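J.: Structure in structure tokens, see below.
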Amino acid sequence: MSAVTTVETPETVRAQVIAWRRHLHQHPELSFHEHNTSQFVADTLAAIGGLEITRPTPTSVMARLIGGAGPGPVLAMRADMDALPILEANTHEFVSQSPGVMHACGHDGHTSMLLGAVKVLVAQRDALRGEVRFLFQHAEELYPGGATQMIAAGVLDGVDLVIGAHLWLSLPFGQVATRTGALMASLNTFRITIQGEGGHAAIPQQTVDPIVIAAQVVTNLQHIVARNIDPLKSAVISVTQINGGTTTNVIPGVVELAGTVRTFDAKLRERIPVLMERLVAGVTAAHGARYQWTFEPGYDAVTNDAAANDLVRRAVVRALGESTLIDATPTMGAEDFSAYQQHVPGAFFFIGARNEARGIVHPHHHERFDLDERALDHGTRIFVAAAHEHLGIGDAR
Ligand code: NI
Numbered sequence: 231m232s233a234v235t236t237v238e239t240p241e242t243v244r245a246q247v248i249a250w251r252r253h254l255h256q257h258p259e260l261s262f263h264e265h266n267t268s269q270f271v272a273d274t275l276a277a278i279g280g281l282e283i284t285r286p287t288p289t290s291v292m293a294r295l296i297g298g299a300g301p302g303p304v305l306a307m308r309a310d311m312d313a314l315p316i317l318e319a320n321t322h323e324f325v326s327q328s329p330g331v332m333h334a335c336g337h338d339g340h341t342s343m344l345l346g347a348v349k350v351l352v353a354q355r356d357a358l359r360g361e362v363r364f365l366f367q368h369a370e371e372l373y374p375g376g377a378t379q380m381i382a383a384g385v386l387d388g389v390d391l392v393i394g395a396h397l398w399l400s401l402p403f404g405q406v407a408t409r410t411g412a413l414m415a416s417l418n419t420f421r422i423t424i425q426g427e428g429g430h431a432a433i434p435q436q437t438v439d440p441i442v443i444a445a446q447v448v449t450n451l452q453h454i455v456a457r458n459i460d461p462l463k464s465a466v467i468s469v470t471q472i473n474g475g476t477t478t479n480v481i482p483g484v485v486e487l488a489g490t491v492r493t494f495d496a497k498l499r500e501r502i503p504v505l506m507e508r509l510v511a512g513v514t515a516a517h518g519a520r521y522q523w524t525f526e527p528g529y530d531a532v533t534n535d536a537a538a539n540d541l542v543r544r545a546v547v548r549a550l551g552e553s554t555l556i557d558a559t560p561t562m563g564a565e566d567f568s569a570y571q572q573h574v575p576g577a578f579f580f581i582g583a584r585n586e587a588r589g590i591v592h593p594h595h596h597e598r599f600d601l602d603e604r605a606l607d608h609g610t611r612i613f614v615a616a617a618h619e620h621l622g623i624g625d626a627r
């Protein structure tokens, strides 16, 4: 396709962005399996024209827009593309056509609003100084995540700032939330096996009952957050699985526990598993049981760089006005956008997509999750404005 001849603006691409989102919503794909999604994105980018398009991994896409006004900064913008293993319960006309797979986190919106920004910015290429690099990332929802794979493939080479957004159902449409510093928590998984001695439920003195010990472990783990951690710092320890036992008259030999640890603080992230294992070791030893312990660190905390966050703030004000911008409340949710921030300064932000009046209130990962689609236009505008702010296009829109 030839390069763009018409002048695109957020207004002219708005309907297209919604159509893209609905197409993606109808055809969701799970993490690491975004074959059709990434092909759709690559084809759409090729049709827009004026880009250098590559496939860093089999199901991701990178597009480089080299400005025509000479060398300058390199700003990366990231959208994730994967869906979740959820059976959609919505009944709108663009409901998922893949039963059991659903865009229940809004990544369909992320992809389409960034495509909208591509279309607008390509039309302004001659006036741009530097490069805008668009990262269409696979597999945000499933550890180890797509971001680390894309980074290993070199997508950040030469990049000096990276930004990314999440459409956010905790925020009403019309608000955009940013924050310097901690925004989203690190994700960590633990597994505990308590090895006792099984036997007859009526003769407990001949057993080492792992169920009673597991109950104490669960209760005592909460002691760590309540008593061992600075009350001004945040941490969550949640036991989310307990498995043990098969019937009512047998004390089992083994109980397995698993759960998650979330925190913003890197030092706490190192200290909490030490405290947890000490506690598990102590409780099990006190009752004559043994244990196995594993702790797997997952995504790092999303921590926003001050300069990158300032760029986002200026972009929001430029695109939508001062009244839109609010200070973000940190969340214990996790995001692999943090992987980019380990390499270059970056900022992640939340775009309000909730609409109480229209019943668009269901949380992320819910079977009835939906978006106020007007928020897509906000995303497109902010990404365009960020490029203008960072690459210095002056007052052109
Ligand atoms: Ni998400």
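Throughout, this note's numbering is defined as the position within the sequence shown, counted from one, plus 230. Every residue gets a Cβ at the ideal spot worked out from N, C-alpha and C, and that includes glycine. Predicted model only: the values in this text are computed from it and were never measured.
Out of P288, V271, P402, T321, state which residue places its alpha-carbon closest to the alpha-carbon of A587.
T.: Nearest of P288, V271, P402, T321 to A587, Cα basis: P402.
J.: Just to confirm, is the Cβ distance from V352 to I278 under 8 Å?
T.: In this structure, I278 lies closer than 8 Å to V352 by Cβ.
J.: With a threshold of 8 Å, are at least 3 pairs of Cβ atoms found where one atom belongs to the segment 250-263 and the other to the segment 330-347?
T.: Short answer: they touch.
J.: In the DSSP output, what is H265 paired with across the bridge?
T.: Bridge partners of H265: none, in fact.
J.: Does I422 come out as helix, strand or coil in the three-state DSSP assignment?
T.: I422: strand per DSSP, three-state reduction.
J.: With DSSP as the reference, label M414 as helix, strand or coil.
T.: M414 falls in the strand class under three-state DSSP.
J.: For V513, count neighbouring C-beta atoms within 10 Å of its own C-beta (all shown protein chains included) and say buried if the count is 16 or more, exposed if not.
T.: Label assigned to V513: buried.
J.: How about V406 and F580: do their beta carbons lie closer than 8 Å?
T.: Cβ distance < 8 Å, so V406 and F580 count as in contact.
J.: What does DSSP give as the partner residues of V291 in its beta bridges?
T.: For V291, which the question treats as bridged, DSSP gives the partners F366.
J.: With 16 as the cutoff for other CB atoms within 10 Å, does A617 come out buried or exposed?
T.: The residue is buried, with at least 16 neighbouring Cβ atoms inside 10 Å.
J.: Count the CB pairs spanning the segment 409-427 and the segment 545-554 that are closer than 8 Å, and state whether there are at least three.
T.: These segments do not touch.
J.: Kindly list the residues whose CB is nearer than 7 Å to the CB of N320, restricted to its own chain and excluding five residues on each side of it in sequence; keep chain order.
T.: Taken in chain order, the residues that qualify are R598, D600.
J.: Closest to R520 by CA distance: which of D540, Q425, I433 is it?
T.: Taking only the C-alpha atoms, the option nearest R520 is Q425.
J.: If we count the other Cβ atoms within 10 Å of its Cβ and call it buried at 16 or more, is E500 buried or exposed?
T.: By the neighbour-count rule (16 or more Cβ atoms within 10 Å), E500 is not buried but exposed.
J.: Do you know whose CA, among R244, R604, V291, I441, lies nearest F364's CA?
T.: The shortest Cα separation from F364 among R244, R604, V291, I441 belongs to V291.
J.: Is E370 near the ligand NI, with its Cβ less than 7 Å from a heavy atom?
T.: True, at least one ligand heavy atom lies under 7 Å from that Cβ.
J.: Under 8 Å, do R359 and G280 count as touching if we go by C-beta distance?
T.: No, the pair does not count as a contact, with Cβ atoms beyond the cut-off.
J.: Consult DSSP for Q522 and reduce its assignment to one of helix, strand or coil.
T.: Three-state result, Q522: strand.
J.: Between which two residues does the alpha helix (DSSP H) harbouring T449 extend?
T.: Residues 440-453.
J.: With DSSP collapsed to three states, give me the class of S553.
T.: S553: helix per DSSP, three-state reduction.
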